[in-house]
Amino acid sequence: NEFTLEHTRFRNNKIIKIIDWDLVARGPCFYDLATSLISVFHKNRLNFKFLANFILAYNKERPLTNWEKGHIFEMVQFGAFKFAIWNLEETKDWKFQIKFFHHDYERIEIIKKYNKEEFNKRLLRALGNSAVLLGASSP
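Numbering-wise (the working numbering), the sequence shown opens with residue 8 and increments by one.
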């Protein structure tokens with residue numbers, strides 16, 4: 008789910024395990040995938056090529072449902088807003104909060120620049136010929 012310090016176990020200053028069981032349950036992959044998609048934001052922009060590669064790799068391991076394919080935009084939105092809200096709640100240390108909220112706020116401002124149609128066009132362009140694997144056609 009989330010790659011955070013509290014979910015990481017070390018031995019001899021090396022990561023040995025990543026564990027996240029706090030919300031374990033059967034349910035839609037939407038939430039876990041949305042959380043992972045936070046990684047598509049790089050240097051104050053949404054990296055559509057990275058998003059396309061992520062989606063293709065994920066789809067190869069566990070094929071996306073048609074519903075999931077149709078809601079990638081909402082997944083990216085959800086991930087951005089989830090972390091913004093979560094980081095505000097996580098700590099009483101305001102300096103720590105402000106540092107992380109600044110990044111969360113940037114992601115929200117980035118995703119607000121797109122409507123679903125424009126987002127999907129950019130994603131299909133980044134997917135290129137691979138768009139067919141997701142049941143779509145590139146522009």
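Every residue, glycine too, gets a C-beta built ideally from N, C-alpha and C.
Host beta strand (DSSP E) of residue i (start-end)
i, result
"R18", "T15 to R18"
"K21", "K21 to I25"
Given residue i as reference, the closest of the options once Cα atoms are compared
i, options, result
"E81", "K67, F126, N60 and N66", "F126"
"R129", "H110, L53 and H14", "L53"
"L134", "K89, K76, W93 and K119", "K76"
"I25", "N19, W93 and H14", "H14"
"F88", "I117, N136 and K21", "I117"
"N122", "W93, I92 and H78", "H78"
DSSP beta-bridge partners of residue i
i, result
"H49", "R52"
Own chain, CB closer than 8 Å to residue i, minus 5 neighbours either side, in chain order
i, result
"H162", "The shown model of the chain, from 8 to 146, leaves out residue 162, and the question about it has no answer."
"F61", "S43, L44, S46 and V47"
"I4", "In the structure as shown, the chain begins at 8 and stops at 146. Residue 4 is therefore absent and cannot be evaluated."
Nonlocal neighbours in the same chain, by C-beta distance under 6 Å from residue i, ignoring five residues either side
i, result
"S46", "none"
"A41", "M82, F85 and G86"
"W93", "none"
"W74", "none"
"L63", "S137"
Nonlocal neighbours in the same chain, by C-beta distance under 7 Å from residue i, ignoring five residues either side
i, result
"F90", "I45 and D111"
"N20", "none"
Residue-chain proximity (residue i, chain B), Cβ-Cβ < 8 Å
i, result
"H110", "No chain B is part of this structure, which consists of one protein chain only."
Unbroken alpha helix (DSSP H) run spanning residue i, endpoints
i, result
"R129", "K123 to L134"
"A138", "Taken as a continuous stretch (DSSP letters only), A138 belongs to no alpha helix (DSSP H), as it is neither H nor E."
"K119", "Here K119 belongs to no alpha helix (DSSP H), and DSSP marks it neither H nor E."
"T42", "F37 to S43"
Under 8 Å: do the region 35-48 and the region 82-91 share three or more Cβ pairs, one atom per stretch? yes
- prompt: Is the region 111-122 touching the region 58-71 in the sense that three or more CB pairs, one from each, lie closer than 8 Å?
  reply: Result no; under three Cβ-Cβ pairs closer than 8 Å.
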